[in-house]
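J.: Everything in the sequence shown is counted per our numbering, starting at 322 for the first residue and increasing by one.
Beta carbons are placed, not taken as given, at the ideal position from N, Cα and C, and that holds for glycine.
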Amino acid sequence: MSTSEPRMPAVEDRDAARAIARDPWPPTADLFFKVVARDDAIPDSGLPRAIAQDAAGFIWLATDAGLARWDGTAFKTYSTEATADAGALPEPMVNLVHADRAGRLWLGMSAEGLLWHDPATERFRRPPNRTSLDHGHVRAISDDGRGGLWVGGDGGLAHVRRSDGRVTIIHPTAANGLPPGAVGAVFVDRAGTLWVATGALLLRRAVGEERFSRVGLALEPDDRIAAMQTDRQGRLWATTSKSGFHIVEPGGRVRTLPITVDGQTTALGMMTAMPDGTLWTASRSGIWVVDTTTLAVRRRAHDRQIPGSLPEDGLNYLMRDRAGMVWAAGDASLSHVDPAPRRVLGIVDALRTDRTQPPDAAWSVAAAPDGTVWYGSADAPASRLIPAENGGMAQVQRVPGTGRDVHDFAFPVGRDAFLAGEGGLVQVRLDGRGARRLSPLSWWRLLTQGDTLYVGGMGVATVDLRRPTAPVLARWSHALSDPRVKSLATTRDGSLWVGTARGLNRVDLATGTVTRITRQTGGPPALRGNFVSTLLEDGQGRLWAGTVGGGITIFARHERTWRAVAHLGRRDGMPHDTIDKILTGSDGNIWVSTDGGIAWIDPGPLTITPLRAADGVAFTANWTGAGDRLPDGRIVFAGFGGLTIIDPAAPPRRADHAPLRFTAIEGGGRTIIPASVGGGITIAGRNRSLTASFARLDFTASRDQAYAYRLSPLESDWTPADALHRVARYTNMPPGRSTLEVRALQPVPGGGLAMIGAPLVLPITVEPRGFETTLVRAAAVMTAGALLFGLFHLRLRSARRREKVLERLVEHRTAELIVSQGELEKLAYSDTLTGLGNRRLYGEVVGRHLANAHRQPFALLLIDLDQFKPVNDDLGHDVGDALLVGVSDRLTTTLRQQDSIFRLGGDEFAVLVANVEGTQTIEDICTRLYTAFALPVAAGRHDLHVAMSIGAVIAARAGQTPEAIYKQADLALYDAKRSGRGIWRLATTDI
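1) Please name the residue in Gly1078, Leu1204 and Ala383 whose C-alpha comes closest to that of Pro413.
2) Per DSSP, what kind of secondary structure is Leu368 in: helix, strand or coil?
3) Go ahead and pull the three-state DSSP assignment for Val913.
4) State the start and end residues of the unbroken beta strand (DSSP E) segment that holds His879.
5) Consult DSSP for Gly724 and reduce its assignment to one of helix, strand or coil.
6) Are His897 and Ile873 close, meaning C-beta to C-beta below 8 Å?
7) Quick one: residues in its chain with C-beta nearer than 6 Å to the C-beta of Thr401, no 5 flanking neighbours on either side, listed in chain order?
8) Does the separation of the CB atoms of Gly962 and Phe940 fall below 8 Å?
9) What's the gap between the Cα of Asn711 and the Cα of Arg840?
10) Under 8 Å, do Arg390 and Phe379 count as touching if we go by C-beta distance?
11) Please work out which residues of its chain come closer than 6 Å, Cβ to Cβ, to Phe1223, disregarding the five sequence neighbours upstream and downstream, and give them in chain order.
12) What runs of the alpha helix (DSSP H), each 4 residues or longer, lie entirely inside the region 1140-1190?
13) Determine the extent of the beta strand (DSSP E) in which Ala866 is found, giving its start and end residues.
14) Do the region 1003-1015 and the region 1045-1062 make contact, defined as three or more Cβ pairs closer than 8 Å?
15) Just to confirm before moving on: does the CB-CB distance between Asp1043 and Ala653 stay below 8 Å?
16) Which whole runs of the beta strand (DSSP E) in the region 541-600 are 3 residues long or more, in chain order?
17) Would the region 616-624 count as touching the region 926-942 if we require 3 or more Cβ pairs under 8 Å?
18) Who does Ile903 pair with in a DSSP beta bridge?
19) Is Leu809 closer than 8 Å to Gly777 when the C-beta atoms are compared?
20) Classify Leu1045 as helix, strand or coil using the three-state DSSP reduction.
21) If contact is defined by three or more beta carbon pairs under 8 Å, each pair taking one atom from either stretch, is the region 684-694 in contact with the region 655-664?
22) Quick one, are the C-beta atoms of Gly820 and Pro348 less than 8 Å apart?
23) Under 7 Å Cβ to Cβ from Ala1018, same chain only, skipping five residues before and after it: list those, please.
24) Need the endpoints of the beta strand (DSSP E) that Trp921 sits in, please.
25) What does the alpha-carbon distance come out to for the pair Arg758 and Leu746?
26) Between the region 876-888 and the region 858-866, are three or more C-beta pairs nearer than 8 Å?
27) Beta strand (DSSP E) containing Glu1284: first to last residue?
28) Use the C-beta contact count for Met1076: other C-beta atoms within 10 angstroms, 16 or more gives buried, fewer gives exposed.
29) By the three-class DSSP mapping on this structure, what secondary structure does Trp346 have?
30) From the DSSP secondary-structure annotation, give me the bridge partner or partners of Trp648.
31) Where does His728 land, buried or exposed, given buried means 16+ other C-beta within 10 angstroms?
32) How far does the alpha helix (DSSP H) with Gln1067 in it extend, from its first residue to its last?
33) When you compare the CB positions of Ser907 and Gly954, do they come within less than 8 Å of one another, or not?
34) Determine the contact status of Pro708 and Pro952, defining contact as a CB-CB distance below 8 Å.
35) Can you tell which of Asp949, Asp1025, Lys1125 and Ala682 has the C-alpha that lies nearest to the C-alpha of Ala731?
36) Using CA coordinates, which residue listed in Ala795, Gly565 and Met595 is at the minimum distance from Gln585?
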């Protein structure tokens, strides 16, 4: 994704640029590319060549196999074969696609010249007059600044007039100074000067001039200019195939900026100008970002060690859309990225000292008073992430003498830093030097209170910060609900709160009295998880306790006692019930990291707002207790994949600009072009059906987009639709007028959905058929009256015959119901996707096993697929579902016949192992599972390697409950994930 060259900030104006120059973290943050299509997912497996955005907001992709339109969820393809809603191309190879200032789409073909797309008919048309451009090879298109176009190709230079679209060929003459030959690039700058590249020559023609003049570029004969762009200083930048950038100053002086990779020159291509003054350039070695003021260059390239990096290095085109996203087309991929994230930053690349090694897996993090960020990992000593003073990437400095597996940090005011981990308790200077080990024992949590440092491990100990020595175990530690301390906090009443692996404890420091709060105490709503992972006192003096699997419980003081007053979990809108860290943001809200993402909570009404991928969150799984508040008020969390820095004061991402469009309409059995509907559509004939597909063209959040639609006035309620089912269908519509209304919805703080942007409206007229006219209906009424009298007599005659038929029908229906009941019972107890038993069947089977556990011991294995969410995000839910089916098949063929397999939901499976003779049986089964899953699992067209974590528990005595053994297995599973994932753990009695 990146190299060690300094990164430049991305901002909307120069004042913001100066502000960011003093902000160390945006230059350090990584950019995370979202892949739209890769390899075979690219329409017709074509080679992407160019990208454009039309007036309606659609993204168009030109390939050597045709043209495709992206609406955020699906491609619509255009080829040499016409369809009902797509015209035919004269040839498959589209060199270039360009949207002019009016949003009209122009195509530069390989052998069929210049075309434009008519959205009202979905057909491709040529300019009205016939010229040599009609069957030429088009290489470049540029707006002329007046609504027309300049076009360059193998046939030379041409101009398309705005008024009537007629083409004028600019023939080379001695008078105009244009040499013969192909035009490879053309560009019009802000002053209206026309720049033309032909062969190794660069020519310019100012406004009002008739003759081209040559610009003195020192290009080799086989070097070619690929693209041109101007910067804020009015200089022209030209990319070349061999010699890097060439910069033409307003006075005519030319400068060269070579670009090499491993000593070899790299071919540069399309450029796009960014609001911060940088130029982004596509190349065969990734993206080159140039600061046009300092001429500093930084490369963004594919890095297989960093998920979300540029999908590939071989790029053919870059385009910046109206929302500010940058789109990249490579040889086998189409992707886009937010070039200037502000509210949420992800840091991965900076977390390494050796560019040849993977980044550190930071699983603890803290902010030092000097602005550095300290973190710990399993494979390295504690590290300091030091911001660069010149706006470049922050650098990592190891802290020697601290050991690996550092779990927590403390920075007492005006004193040294303290680190707790598996290597003991260490005191070290803020510059990372002079480490001194105070204790060799394992410690996990630190808390500073005045001159006292509380140290949590196996119990709670204290250190006098005035004279730091070995920790002294507190005399009340033996009274804690569990010796394993997982979190520490104080409240303004002088209480010390200690979260353990088995409950919460309040310590009265004056008397040493310990009050235990577990799942069985505390009053409703009780603490719903005993493993207390994080604690926080909010601005109202309430205590927030985050637990593993039990969400958040909020305690408030009433007179002299503390009571649980609220509970927040997944049902209330939290991303996950396993809470990792709770912090107070600079905005006064509560920010929470979980095993399923990040959310913020308004402490007043307790409304929850999750952050989504569209908000810039790159890592969803976070580490327990890993988070802190930076000196500038921002928040940092450590997650599986890297660090997430959030600026609570920054405004959330807005996408009100994204339009809502119809993407396909079919009415009365005929295809209707959406852009042609104008005042509405008319449906006539027998087929009174309507199918209308729609999409909101917000490409950063297309998969999270929600919709609602209704047919007014026939419907008063709105029908919800998600991104994968964004279609309204109606059949047998009544005659008359109606209106299809479509709304795009977005989540709002506190939950729920609200409309965003303008609604989409489609007026519909359904014409009546002949028998539905007034005269025909009156005649039908009279005829019906006459027939009614005759039918009355016939009905009496046939009543007895019908009675016998009904009796036989009842007998037949009764037999069918018996069969249907059996099928319904099967559906009620099986998972519809995999065919395995579901959670309901699991509950009944485990109950039967528990009843005989003292005679026939059994085991419960909880299996969770590691990193399953990226499969859904990157490859789609269809591939995710196929992977789950493949995993269930592999489990079925691997496990014994007497073992029972269930899918409890998502990517969680359960196995009930019968006739367990001891831990060796569990070890044998887990070994067999890992051996079986060493081979890839087929998921559609993909072969995916599946890693999984397993938590196991043996039930061998009477009196156990299904909830108890499930909790033990779940804690063992959590221990397996915390220990590195891809392993198994057996629950013990003290887990």
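T.: The answer reads as follows:
1) As a working note, residue 413 is residue 92 in the sequence shown. Comparing Cα positions, the closest option is Ala383.
2) If you number the sequence shown from 1, residue 368 lands on position 47. If DSSP states are grouped into helix, strand and coil, Leu368 belongs with coil.
3) For the purposes of this step, residue 913 is taken as residue 592 along the sequence shown, with counting starting at 1. Of the three classes helix, strand and coil, the one that applies to Val913 here is strand, per DSSP.
4) Position 558 of the sequence shown, counting from 1, holds the residue named residue 879. Element bounds for His879: Ile873 to His879.
5) Your numbering for residue 724 matches position 403 in the sequence shown. Correct three-state label for Gly724: coil.
6) The residue you call residue 897 lines up with position 576 of the sequence shown. The residue you call residue 873 lines up with position 552 of the sequence shown. In this structure, Ile873 does not lie closer than 8 Å to His897 by Cβ.
7) As a position in the sequence shown, residue 401 is number 80, starting the count at 1. Contacts found: Ala409, Leu410 and Pro413.
8) Working through the sequence shown from its first residue, we reach residue 962 at position 641. Working through the sequence shown from its first residue, we reach residue 940 at position 619. Cβ distance < 8 Å, so Gly962 and Phe940 count as in contact.
9) On the sequence shown, residue 711 is found 390 positions in, with the first residue counted as 1. On the sequence shown, residue 840 is found 519 positions in, with the first residue counted as 1. Approximately 52 Å, taken between the alpha carbons.
10) What you label residue 390 is simply residue 69 of the sequence shown in a count that begins at 1. What you label residue 379 is simply residue 58 of the sequence shown in a count that begins at 1. Yes, Cβ-Cβ distance for Arg390 and Phe379 is below 8 Å.
11) Residue 1223 sits at position 902 when you count from the first residue of the sequence shown. Closer than 6 Å at the Cβ level, and outside the excluded window around Phe1223, lie Leu1157, Gly1158, Tyr1163 and Ala1231.
12) 1160-1172
13) Locating residue 866 in the sequence shown gives position 545, where the first residue counts as 1. Where Ala866 is concerned, the enclosing beta strand (DSSP E) stretches over Leu864 to Thr868.
14) yes
15) Within the sequence shown, residue 1043 is the residue found at index 722, counting from 1. Within the sequence shown, residue 653 is the residue found at index 332, counting from 1. No; because the gap between Cβ atoms is not below 8 Å, this pair is not in contact.
16) 546-551, 557-561, 566-569, 575-578 and 589-594
17) no
18) Translated into the one-based positions of the sequence shown, residue 903 becomes position 582. In DSSP, Ile903 forms a bridge with Val913.
19) The sequence position of residue 777 within the sequence shown is 456, counting from 1. The sequence position of residue 809 within the sequence shown is 488, counting from 1. Going by C-beta atoms, Gly777 is nearer than 8 Å to Leu809.
20) The count along the sequence shown starts at 1 and reaches residue 1045 at position 724. Of the three classes helix, strand and coil, the one that applies to Leu1045 here is helix, per DSSP.
21) no
22) Translated into the one-based positions of the sequence shown, residue 820 becomes position 499. Translated into the one-based positions of the sequence shown, residue 348 becomes position 27. No, these two residues do not count as a Cβ contact at 8 Å.
23) Position 697 of the sequence shown, counted from the first residue, corresponds to residue 1018. In the sequence under discussion, the amino acid at residue 1018 is Leu, which differs from the Ala named in the question. Closer than 7 Å at the Cβ level, and outside the excluded window around Leu1018, lie Gly378, Phe379, Asp392, Gly393, Ala979, Pro980 and Arg982.
24) For the purposes of this step, residue 921 is identified with residue 600 of the sequence shown, where counting begins at 1. Element bounds for Trp921: Gly918 to Ile922.
25) Translated into positions along the sequence shown, residue 758 becomes position 437. Translated into positions along the sequence shown, residue 746 becomes position 425. If I take the Cα positions, the gap works out to 6 Å.
26) yes
27) Mapped onto the sequence shown, residue 1284 falls at position 963. First-last for Glu1284: Pro1283 to Arg1299, but that is the alpha helix (DSSP H), not the beta strand (DSSP E).
28) Here residue 1076 corresponds to residue number 755 of the sequence shown, with the count starting at 1. Exposed, because fewer than 16 other Cβ atoms sit within 10 Å of the Cβ of Met1076.
29) Translated into positions along the sequence shown, residue 346 becomes position 25. Residue state, collapsed to three classes: helix.
30) Taking the first residue of the sequence shown as position 1, residue 648 is located at position 327. In DSSP, Trp648 forms a bridge with Met640 and His657.
31) Taking the first residue of the sequence shown as 1, we reach residue 728 at position 407. It counts as buried.
32) In the sequence shown, residue 1067 corresponds to position 746, counting from 1. Careful: Gln1067 lies outside any alpha helix (DSSP H), inside the beta strand (DSSP E) at Gly1057 to Pro1068.
33) Within the sequence shown, the letter at position 586 stands for residue 907. Within the sequence shown, the letter at position 633 stands for residue 954. Yes, these two residues count as a Cβ contact at 8 Å.
34) Your numbering for residue 708 matches position 387 in the sequence shown. Your numbering for residue 952 matches position 631 in the sequence shown. No, Cβ-Cβ distance for Pro708 and Pro952 is not below 8 Å.
35) Here residue 731 refers to the residue found at position 410 when the sequence shown is read from its first residue. The candidate whose alpha carbon is nearest that of Ala731 is Asp949.
36) Locating residue 585 in the sequence shown gives position 264, counting from the first residue. Comparing Cα positions, the closest option is Gly565.
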